[in-house]
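Only one structure is covered here, and it is reproduced in the block below.
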Amino acid sequence: MTKSLTLDHFGFLELSGKDAKKFLQGYTTCNLENLTPEKAQMGAICDIQGRVITSFLLVNIEEKLLLRMSKDLLEKTFSFLSKYIVFSKAEIRDISNELFCYGNDSAQSNEMSVESTNNGFEIDLGNRKELWLNKKESKKEMHLKDWTDLEIELLHSWINAKNSQLFLPQSLNYHEINALDFEKGCYLGQEIIARMHFRGRLKKKLHLINTGLIRLKDEVLISQGRKKTLAIFKNSTDQPVEVVGEDNKKVFARPI
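Sequential numbering of the sequence shown, starting at 893, is according to our numbering.
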């Protein structure tokens, strides 16, 4: 049986007009040249230092771009893009009172496919679906924790106001989930992001963790004796702390 829930921590911005895609291409980590109405796209908008201001899920409908992001970053992102969009044949507006986000666990593993419905869109994210509907509904069959576990399973981490402008996109593994394209042309923050990728050494990288004990910015002592400061996006279950390293080998950690 399909279980659903309301994802009211998400909101929407809409970019429309002849130059909407061209404009947004200059501010996103993903390549919008690959965007089609049949496929959604994950990505991020960064500041000039390459730090992620917001992450988003994007759908292209005719000349409109719909960006779903954390609701507490809508105003910040709107203000940021509004400073530059006035020079383009495009407009931006907050449509969070017109479009509403829901989720369910009925995915078909057709990752990022978009299907139009009578009252909105269904987006298959591989292990779950998001429903963007033009009317409010009450959906409570699924717990938010279970939805969060599905997000974590695929390393889908969403920036919110607490961690905005703290991380480079590759630190969040966005290049591994097609949310960061190192080969695309110029966009804001691209110089630093590309330099770190091609010449630098990444000091921070997202890892999978299961814990109910560690909080944001807690230090842990990894078994090899190194200390790491962890940025926990979401706590999942109350299990022993487990960190998955870059080589996919498990290393264990404990709070200090």
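Built from N, CA and C at the ideal position, the CB exists for glycine as well.
Asked	Found
Pull up the DSSP beta-bridge partners for residue 1096, would you.	Answer is none; residue 1096 lacks a bridge partner.
Measure the C-alpha to C-alpha separation of residue 1124 and residue 1045 and round it to an integer number of angstroms.	Low confidence applies here, because residue 1124 scores a pLDDT of 41, under 50, leaving its location unreliable; read the following figure in that light. Whole-angstrom Cα-Cα distance: 14 Å.
Alpha carbons only, please: which of 1023, 1070, 1034 and 1054 is nearest the one belonging to residue 960?	1023
Starting from the N-terminal side, write out each stretch of the alpha helix (DSSP H) that is 4 residues or longer and does not extend beyond the stretch 930 to 977.	966 to 977
Are there three or more Cβ pairs, one per stretch, closer than 8 Å when the stretch 897 to 907 is compared with the stretch 1027 to 1039?	yes
I need the DSSP call for residue 1003, collapsed to helix, strand or coil.	coil
Would you say residue 1049 and residue 1021 are within 8 Å of each other, going by their C-beta atoms?	no
Let's see if you can read the secondary structure: which residues bound the alpha helix (DSSP H) around residue 915?	912 to 917
Out of curiosity, what's the CA-to-CA distance linking residue 1028 and residue 929?	24 Å
Which residue's Cα is closest to the Cα of residue 944: 1065, 1092 and 1076?	1065
Taking all protein chains shown into account, do 16 or more other C-beta atoms lie within 10 angstroms of the C-beta of residue 978, making it buried, or fewer, making it exposed?	exposed
If you draw a straight line from the alpha carbon of residue 969 to that of residue 955, how long is it in whole angstroms?	20 Å
Hey, quick one: how far does the beta strand (DSSP E) through residue 1054 stretch, first residue to last?	Here residue 1054 belongs to no beta strand (DSSP E), and DSSP marks it neither H nor E.
Can you tell which of 1089, 1096, 967 and 1079 has its C-alpha closest to the C-alpha of residue 940?	1079
Mapping DSSP to helix, strand and coil, what is residue 1066?	helix
Does DSSP put residue 921 in a helix, a strand or coil?	coil
Considering just the uninterrupted stretch of the alpha helix (DSSP H) at residue 990, what are its terminal residues?	Note, residue 990: premise wrong, no alpha helix (DSSP H); not H, not E.
Who are the Cβ neighbours of residue 1126 in its own chain at under 6 Å, not counting the five residues just before and after it?	Caution is warranted here: a pLDDT of 43 is assigned to residue 1126, below 50, making its placement in the model unreliable, and no coordinate value can be reported.
Using DSSP's beta-bridge definition, name the partner residues of residue 1015.	1006 and 1022
Got a sec, what are the start and stop residues for the beta strand (DSSP E) residue 898 sits in?	896 to 898
Hey, how far is the Cα of residue 931 from the Cα of residue 1069?	14 Å
For residue 907, which three-state DSSP category applies?	strand
Helix, strand or coil, according to DSSP, for residue 1075 in the structure here?	coil
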